[in-house]
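Below is one structure; the comments refer to it alone.
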Amino acid sequence: MRLSTYFLPTLKETPNDAQIVSHRLMLRSGMIAQECAGIYHWLPLGLRVLQKVEEIVRQSMNEAGFLEVLMPTLQPAELWEESGRYDAYGKEMLRITDRHDRRLLYGPTAEEAITDIVRRFMKSYKDLPRVLYQIQWKFRDEIRPRFGVMRGREFLMKDAYSFDLDAESARETYRRVMHTYMVTFKRLGLKAIPVRADTGPIGGDLSHEFHVFASTGESDIYYDKAFDALDLKGDENDLNQLMNLYAMADTMHDPKNCPVPQEQLNHTKGIEIGHIFYSGTKYSDSMKATVMGEMGKQIPLESGCYGIGVSRLVGALIEAHHDDYGIIWPESVAPFKIGLINLKKGDSLSDETCEKIYHTLLSQGKEVLYDDRDESIGVKFSTMDLIGIPTQIIVGPRGLKDGNVEIKNRRTGEKILCTLDNLYQRI
RNA sequence: CGGGGCGUGGCGCAGUCUGGUAGCGUGCCUGGUUUGGGUCCAGGAGGCCGGAGGUUCGAAUCCUCUCGCCCCGACCA
Numbered sequence: 000m001r002l003s004t005y006f007l008p009t010l011k012e013t014p015n016d017a018q019i020v021s022h023r024l025m026l027r028s029g030m031i032a033q034e035c036a037g038i039y040h041w042l043p044l045g046l047r048v049l050q051k052v053e054e055i056v057r058q059s060m061n062e063a064g065f066l067e068v069l070m071p072t073l074q075p076a077e078l079w080e081e082s083g084r085y086d087a088y089g090k091e092m093l094r095i096t097d098r099h100d101r102r103l104l105y106g107p108t109a110e111e112a113i114t115d116i117v118r119r120f121m122k123s124y125k126d127l128p129r130v131l132y133q134i135q136w137k138f139r140d141e142i143r144p145r146f147g148v149m150r151g152r153e154f155l156m157k158d159a160y161s162f163d164l165d166a167e168s169a170r171e172t173y174r175r176v177m178h179t180y181m182v183t184f185k186r187l188g189l190k191a192i193p194v195r196a197d198t199g200p201i202g203g204d205l206s207h208e209f210h211v212f213a214s215t216g217e218s219d220i221y222y223d224k225a226f227d228a229l230d231l232k233g234d235e236n237d238l239n240q241l242m243n244l245y246a247m248a249d250t251m252h253d254p255k256n257c258p259v260p261q262e263q264l265n266h267t268k269g270i271e272i273g274h275i276f277y278s279g280t281k282y283s284d285s286m287k288a289t290v291m292g293e294m295g296k297q298i299p300l301e302s303g304c305y306g307i308g309v310s311r312l313v314g315a316l317i318e319a320h321h322d323d324y325g326i327i328w329p330e331s332v333a334p335f336k337i338g339l340i341n342l343k344k345g346d347s348l349s350d351e352t353c354e355k356i357y358h359t360l361l362s363q364g365k366e367v368l369y370d371d372r373d374e375s376i377g378v379k380f381s382t383m384d385l386i387g388i389p390t391q392i393i394v395g396p397r398g399l400k401d402g403n404v405e406i407k408n409r410r411t412g413e414k415i416l417c418t419l420d421n422l423y424q425r426i
């Protein structure tokens, strides 16, 4: 992509509305623009990141054998009356009436919708177990939206729902999802800790939240310091270690009965990026979702619900990866992998060299953002640093005189000179 | 919902107390200049001061109502 023809409305100054670093940087780097409180436009650069995150989540789900569906954002009120949550959910639910006075709602979650599908089409124990998921926009009319996409009213969520024949199998599925989450977060470049949590209005008796440590997090968590030393690889072994580690949401933490000694316990702020529940037969009971069992008896489905906040993850990633100059994207979610800077547009050697590098990288399938604008050097450097492209290739007459270009690592700031011939092996 | 703050060119702000027809920085456009960290100089476009009503000869400024946004708290699968 050529920056001269891209749409990247960067801001030099921080908009007054933004308080936390991820929100500021998302606005300044032209990733998002606010439409109204808690509702945002995703501009080209931001959308690329959002889609990367979404794709990593999707692939991890698919690899685990979970099946993607896409349900409507609007749901009929009757479905929620059936589960008893239409009244219970309160003002957070955005209720809508259509021209025929039919009562609809913009889905804040989709347990009812998915349970309705499953009860209609899954009739036999042979159809189980199954995990269905979607990545769809949700709306919750939060009392106070804040922190940009971290606590928006409209947000993109991956929500999965599992259906098993019995509790034992359901708990095994819960564990599989947990493992899938560890893989997902690892791939995203985040160190996430599962903490025991309240089940809240979703119901059930087993629940974990996944948190990324950040001073700007909204949740208080207590955990065993041993977690800090773990080098997570996203495998089965990690899962066992994590399951045995003490980590609690503040509502679950009881200082009097905590098995971890005080000096071994950390208290910190976390951003909740995922939440999983074993909900038992809560929905299958109220909505009469059963399958025929082996013995010819109707058996209510055992279910679980598993969320990942996809749009929130974009904010959380920035909270975890930034410096004074801007964002530092992990490779896996970077909107572009390589930023190519032409320091002297109009200099024929610089122009030609950049064009050649640009086309070579494109032909290698690399995602490259070429700053071919007629701007000053400082502007180009700061733009590239601000938007956080992991690797920068800097091309200018001074280096080219000796046949060199420069490769800069955004994270470390390290710059190395290399010849044009060597360039492609070194990035 | 309780408490607090803010709405003035795209963005960041001053002007409001003490009423007299809007200013600075940045961004944008033009021309020149500069070229390894947000160059420098000159010229220019752009604002019914969130909205409505009122007071006044005259309102960004005073009064009333209203809308929006932000922060703290409560709330939050």
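Going letter by letter, the first sequence gives residues 0 to 426 in numbering that gives the first Met the number 0. Glycine included, each C-beta is placed from N, C-alpha and C at the ideal position.
Look at ASP223 here: in three-state DSSP terms it is strand.
Per DSSP, PHE120 lies in no beta strand (DSSP E); the unbroken alpha helix (DSSP H) holding it starts and ends at 110 to 120. Here HIS210 really is in contact with ALA191; their C-beta atoms are around 6 Å apart, less than 8 Å. By the CB criterion at 8 Å, ASP223 and ALA246 fall inside the cutoff. Out of ILE406, ASN421, VAL394, the CA that lies nearest to the CA of LYS414 is found in ILE406. MET92 is a Cβ neighbour of PRO107, given a cutoff of 8 Å. Closest in alpha carbon position to THR267, among TYR305, HIS321, LYS296, VAL194, is VAL194. Within the DSSP secondary-structure output, GLY279 pairs in a beta bridge with SER302. DSSP, reduced to helix, strand and coil, places LYS414 within a strand of the structure shown. For ASN256, there is no enclosing beta strand (DSSP E), as DSSP marks it with neither H nor E. Boundaries of the beta strand (DSSP E) harbouring PRO75: 73 to 75, taken from the DSSP string. When only Cα atoms are considered, ILE307 and ASP401 end up about 50 Å apart. DSSP places SER214 in the coil class of the three-state scheme, outside both helix and strand.
Contact between THR13 and LEU385 is absent: CB atoms are separated by about 12 Å, not below the 8 Å threshold. Under the DSSP assignment, ILE386 falls in the alpha helix (DSSP H) whose first and last residues are 376 to 386. Out of VAL367, GLU351, LEU360, GLY345, the CA that lies nearest to the CA of SER375 is found in GLY345.
With fewer than 16 other Cβ atoms from the protein chains shown falling within 10 Å of its own Cβ, ARG143 counts as exposed.
In this structure, the straight-line span from the alpha carbon of ALA159 to that of GLU111 is close to 12 Å. DSSP, read as helix, strand or coil, puts MET286 in coil. By the Cβ test, the stretch 122 to 129 is not in contact with the stretch 42 to 56, since fewer than three Cβ pairs between them sit closer than 8 Å.
Among the bridge pairs identified by DSSP, ARG94 is matched with LEU104.
Inclusion of ILE388 and LEU24 in the CB contact set at 8 Å is not warranted, their separation being larger than that value. Ranked by Cα distance from PHE162, the first of ILE134, GLU153, THR172 is THR172. Under the 10 Å beta carbon count, PRO334 is surrounded by 16 or more other beta carbons and is classified as buried. The distance from the Cβ of ALA76 to that of LEU44 is about 38 Å, inconsistent with a contact at the 8 Å cut-off. The DSSP-derived three-state label of TRP136 is strand. Taking LYS355 as the centre and dropping the five residues before and after it, the same chain places no C-beta closer than 6 Å to its C-beta.
Going by DSSP, MET177 is part of the alpha helix (DSSP H) stretching over 166 to 187.
DSSP places ARG57 outside any beta strand (DSSP E); the residue lies instead in the alpha helix (DSSP H), whose first and last residues are 43 to 62. The C-beta distance from ASP126 to VAL290 rounds to 6 Å, short enough to fall under 8 Å. When the beta-carbon positions are compared, ILE393 and LEU342 come within less than 8 Å of each other. Going by beta carbons, VAL313 and VAL48 fall inside the 8 Å limit. For SER349, the enclosing alpha helix (DSSP H) starts and ends at 347 to 362.
Here the C-alpha atom of ARG1 lies approximately 28 Å from the C-alpha atom of ALA319. The DSSP-derived three-state label of GLN261 is helix. Close CB contacts of GLY398 within its chain, under the 8 Å cut and outside five residues either way in sequence, are with VAL404, GLU405, LEU416 (chain order).
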